[in-house]
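Here is the structure we will look at, set down as structure tokens.
Numbering (the numbering used here), first residue to last: 21 to 199.
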């Protein structure tokens with residue numbers, strides 16, 4: 021089985037990824053490592069690792085700078101002998117968000133991109149701005165389901181169907197109203 025997992029970062033630290041795009045790879049690693057820690061602890065077998073396709077998307081619905089991570093993850097781990105150990109448990113998304121938040125803030129602190137005052141401010145808020153999503157189970161036999169998520173992971177930022185003309189203007193419409 022597989023699941024679609026997403027992690028996002030708050031507006032307050034997005035600039036750090038825009039200023040140094042190499043951090044996007046580290047963001048992707050933090051997302052993968054977060055899920056890996058949960059799955060490997062559930063399997064409790066040394067050397068077992070989950071399979072995953074991890075994609076960084078840097079845009080939001082309105083093409084604004086919104087770096088976030090999409091993952092298509094095997095919900096379980098591959099053992100050293102090549103067999104697969106399925107994980108049936110699904111943690112509360114808040115649990116994974118907390119681990120991801122810790123990894124990202126630690127990385128940004130260690131690189132000097134932020135200081136302790138930013139961390140303190142973010143952690144003092146009820147909603148820190150870090151987000152997460154764990155999708156429904158995609159059964160192993162559901163090839164079409166996996167392919168649909170895989171296509172979403174690599175979709176382009178501009179959706180042709182959202183480009184409209186209004187007289188002389190070309191307008192890009194989203195599903196939501198921008199704040």
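By construction, the Cβ of each residue, glycine as well, lies at the ideal position given by its N, Cα and C atoms.
Closest Cα partner of residue i within the set the options
i, options, result
"residue 35", "107, 145, 79, 90", "79"
"residue 39", "182, 128, 143, 167", "128"
"residue 30", "53, 175, 138", "138"
"residue 44", "162, 28, 58", "28"
"residue 71", "87, 41, 102", "102"
Three-state class that DSSP yields for residue i in the structure shown
i, result
"residue 90", "strand"
"residue 105", "strand"
"residue 189", "strand"
"residue 29", "coil"
"residue 199", "Residue confidence is low: residue 199 scores 49 on pLDDT, short of 50, so the model does not pin down where it sits. No coordinate-derived value is stated."
"residue 154", "strand"
"residue 74", "strand"
"residue 67", "coil"
"residue 183", "strand"
"residue 35", "helix"
"residue 122", "helix"
"residue 41", "coil"
"residue 165", "helix"
Rounded distance between the beta-carbons of residue j and residue i, thought under 8 Å
i, j, result
"residue 26", "residue 90", "5 Å"
"residue 97", "residue 173", "Residue 97 to residue 173, Cβ: 21 Å. No contact."
"residue 37", "residue 116", "The pair is not a contact, with the Cβ atoms about 20 Å apart (cut-off 8 Å)."
Check whether residue i and residue j have beta carbons under 9 Å apart
i, j, result
"residue 11", "residue 157", "This structure cannot speak to residue 11, because the chain is shown only from 21 to 199."
"residue 152", "residue 142", "no"
"residue 47", "residue 124", "yes"
"residue 189", "residue 182", "no"
"residue 160", "residue 33", "no"
Cβ-based neighbour list, residue i, same chain, cut-off 6 Å, excluding 5 preceding and 5 following
i, result
"residue 169", "24, 92"
"residue 63", "97, 105"
"residue 73", "92"
"residue 84", "none"
Other residues of its chain near residue i: CB distance less than 8 Å, five sequence neighbours each side excluded
i, result
"residue 114", "152"
Cβ-based neighbour list, residue i, same chain, cut-off 7 Å, excluding 5 preceding and 5 following
i, result
"residue 50", "120, 123, 124, 127"
"residue 56", "69, 70"
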